[in-house]
Each structure stands twice: as C-alpha cells, then as structure tokens.
Amino acid sequence: MTTIVQISDTHFGTEQPGVVQAMEDHVKEHGADLLIFSGDITQRARVSQFAAAQAFVQRLHGHGIAETLVIPGNHDIPLYNVFARFLMPYRNYRRHFGEDLEPTFENDEVLIIGLNTTHPRRHKDGLVTDEQVQVVTQRLRQTSPNKLRIVVAHQPFGAMVLSDLSNLQHNADDALHRWADEGLDLVMGGHIHLPYVLPLSRQYPGLSREIWMVQAGTTLSSRVRGTSPNSFNRLKLRSGTGKTACVERWDLLDDCFVLGSHFNLHW
Numbered sequence: 047m048t049t050i051v052q053i054s055d056t057h058f059g060t061e062q063p064g065v066v067q068a069m070e071d072h073v074k075e076h077g078a079d080l081l082i083f084s085g086d087i088t089q090r091a092r093v094s095q096f097a098a099a100q101a102f103v104q105r106l107h108g109h110g111i112a113e114t115l116v117i118p119g120n121h122d123i124p125l126y127n128v129f130a131r132f133l134m135p136y137r138n139y140r141r142h143f144g145e146d147l148e149p150t151f152e153n154d155e156v157l158i159i160g161l162n163t164t165h166p167r168r169h170k171d172g173l174v175t176d177e178q179v180q181v182v183t184q185r186l187r188q189t190s191p192n193k194l195r196i197v198v199a200h201q202p203f204g205a206m207v208l209s210d211l212s213n214l215q216h217n218a219d220d221a222l223h224r225w226a227d228e229g230l231d232l233v234m235g236g237h238i239h240l241p242y243v244l245p246l247s248r249q250y251p252g253l254s255r256e257i258w259m260v261q262a263g264t265t266l267s268s269r270v271r272g273t274s275p276n277s278f279n280r281l282k283l284r285s286g287t288g289k290t291a292c293v294e295r296w297d298l299l300d301d302c303f304v305l306g307s308h309f310n311l312h313w
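Just so you know, our numbering puts the end of the sequence shown at 313, numbered straight through with nothing missing.
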C-alpha cells in the first residue's frame with residue numbers, strides 16, 4: 047500500500063500557526079510515503095513566504111514523510127512585481143522547491159504526473175497545453191495498466207458547484223478524453239479551497255472510462271471558503287488486478303485534524 051498526504055493552497059503569508067502545528071502533529075502520528083503539494087504554496091510569491099513553506103516541508107520530512115511532489119499555483123508567481131512576473135516568474139519557487147515545475151513520482155503501485163498549468167500571462171486560470179496533453183498521453187501509454195495513474199494540477203478539472211465552472215482548466219475536455227483512453231484513474235487539484243471527490247464522466251460525457259477528481263481544500267491558510275474548514279486529503283492506494291483508493295478528508299476541529307469523510311474508489 048502507498049500512502050499519500052495531499053495538501054494545497056497553504057498561502058504562506060496567511061498561514062495560521064496553530065493549524066501548522068496540527069498538521070505537523072498529524073504527520074508525526076501517521077507519516078506517509080509521499081506528500082503532494084498541489085500549488086498556491088504562498089500568498090504573494092515572496093522569498094520569505096517560500097522560505098517558510100520550505101522549512102515547513104522539511105519539518106514534515108523529519109516527522110515521517112518519505113518523498114515530496116510539489117507543483118506551483120497561480121499565487122506562486124509574483125502579482126504586483128510586473129518585471130519579475132514576466133521575466134522570471136518562477137525564480138523564488140525554483141530557489142526553494144527546485145527547477146522541475148512538473149515532477150513525477152513512480153513506484154510499484156502508482157505513477158503520479160505533476161503538471162504546471164500556470165502562466166504569467168494568466169491571472170488565475172489554468173491551461174493544459176496541447177504539448178502537455180501529448181506528453182502525459184505518452185507517459186500513461188508506457189505505464190503498466192496494473193498501476194494507479196494520477197495527474198496532479200493546481201486548477202480543478204471538475205466542478206462541484208456552478209460558480210466554479212469558470213475555474214476549470216482550459217482544454218480539459220480534450221485532455222481528459224485522451225488520458226481516459228490511456229487508462230488515467232485520478233486527477234488531483236486545489237485552487238478553489240473546496241474539498242470534494244467527484245466522478246468526471248458526468249461533466250465529460252463520452253469518457254472511455256471513469257476518471258475521479260480528488261480536490262483539496264486549503265490546508266493552513268486563514269482564507270477558508272464558506273463553512274469548509276482547513277483540511278487535507280490522505281490517500282491509501284493499492285494496485286494490481288483490482289486497483290483501489292481510499293480517499294480520506296481530514297478537517298480541522300478545534301486544534302487538531304480529525305477524519306471528516308472517506309470515499310472508497312475501485313477500478
């Protein structure tokens with residue numbers, strides 16, 4: 047079994063110290079094989095905010111996280127510094143989280159492909175480019191069908207409420223149809239601070255197989271959405287002739303994270 051903790055939209059600069067401690071306490075107790083950090087690491091892409099986020103991730107490694115897959119979100123590109131935004135948009139990100147904006151993770155049970163769907167010319171919208179569609183298609187095609195296959199991007203592929211339709215990835219329809227044909231199982235994201243698990247065939251008729259959307263809320267930030275508390279996802283993956291994923295959502299209650307819900311997915 048492969049265990050994953052997915053955090054998102056921490057917006058360092060707006061993080062809450064008590065929530066940071068609660069997250070660390072959870073990892074100390076439960077550990078994980080992999081941490082997925084699905085973007086909007088910082089509030090304004092400042093060096094101090096990235097440094098705080100980097101220190102947090104390093105502490106999680108010390109508490110029991112084995113490996114990390116991190117991708118940028120739209121907030122991880124400078125907004126007000128126009129010079130930096132267009133000439134070196136990922137400079138501070140790369141200083142703290144490495145040169146690779148589209149990392150991958152693979153073991154005997156799972157392949158996870160990170161996508162950078164941000165761009166300095168877009169304020170917040172995500173776009174899956176034709177090149178990315180093709181690269182992911184090839185990678186899925188080369189992977190054992192017995193492995194769970196996951197794509198992680200910051201902006202969502204599926205919406206739970208009508209008001210979030212405008213936040214969906216551009217070019218999602220073509221990407222998902224191509225990737226479904228190659229056996230994609232899950233897409234994971236953040237961006238809208240609303241956690242949910244959703245079958246995408248309802249929004250994308252004609253998919254050759256079901257792809258599930260696992261959406262994360264905001265883990266540490268004070269910028270919570272409506273009545274949704276700070277939260278993160280924990281996934282327990284098993285592969286083989288029958289692939290399964292148990293997706294748990296852990297919600298902040300008082301000063302600690304507690305199990306809020308879980309979904310059992312099968313392929």
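Where a beta carbon is used, it is the ideal one built from N, C-alpha and C, also for glycine.
- Ile238 is the residue among Leu281, Ile238, His107 whose C-alpha sits nearest the C-alpha of Arg271.
- Using a Cβ distance threshold of 8 Å, Ile158 and Leu115 count as a contacting pair.
- A straight-line Cα-Cα distance of about 8 Å links Asp227 and Leu253.
- Between the segment 173-191 and the segment 96-108, the count of C-beta pairs closer than 8 Å stays below three; the two stretches do not touch.
- Shown here, His76 sits in a helix according to DSSP, grouped into three states.
- Residue pairing by DSSP puts Thr88 in a beta bridge opposite Phe58.
- Given a length threshold of 4 residues, each whole run of the alpha helix (DSSP H) inside the segment 144-213 is given here in chain order: 176-187.
- For the set Gly286, Leu232, Leu214, the Cα lying nearest the Cα of Pro191 is the one of Gly286.
- Considered as a whole, the segment 215-279 harbours 218-227 as its complete alpha helix (DSSP H) runs of no fewer than 4 residues, in chain order.
- In the DSSP annotation of this structure, Leu115 is not part of any alpha helix (DSSP H); the continuous beta strand (DSSP E) holding it starts and ends at 111-117.
- In the three-state reduction of the DSSP assignment, Leu125 falls in the coil class, being assigned neither a helical nor a strand state.
- Contact annotation: the segment 126-139 does not touch the segment 56-64, with fewer than three C-beta pairs closer than 8 Å.
- Taking 8 Å as the upper bound for CB-CB distance, His200 and Ile117 are in contact here, some 6 Å apart.
- Taking the Cα positions, Ala262 is about 30 Å away from Leu133.
- Following the DSSP letters along the chain, one finds Trp296 inside the beta strand (DSSP E) bounded by residues 290-299.
- A contact is defined here as three or more CB-CB pairs under 8 Å, and the segment 145-164 fails this definition with respect to the segment 93-100.
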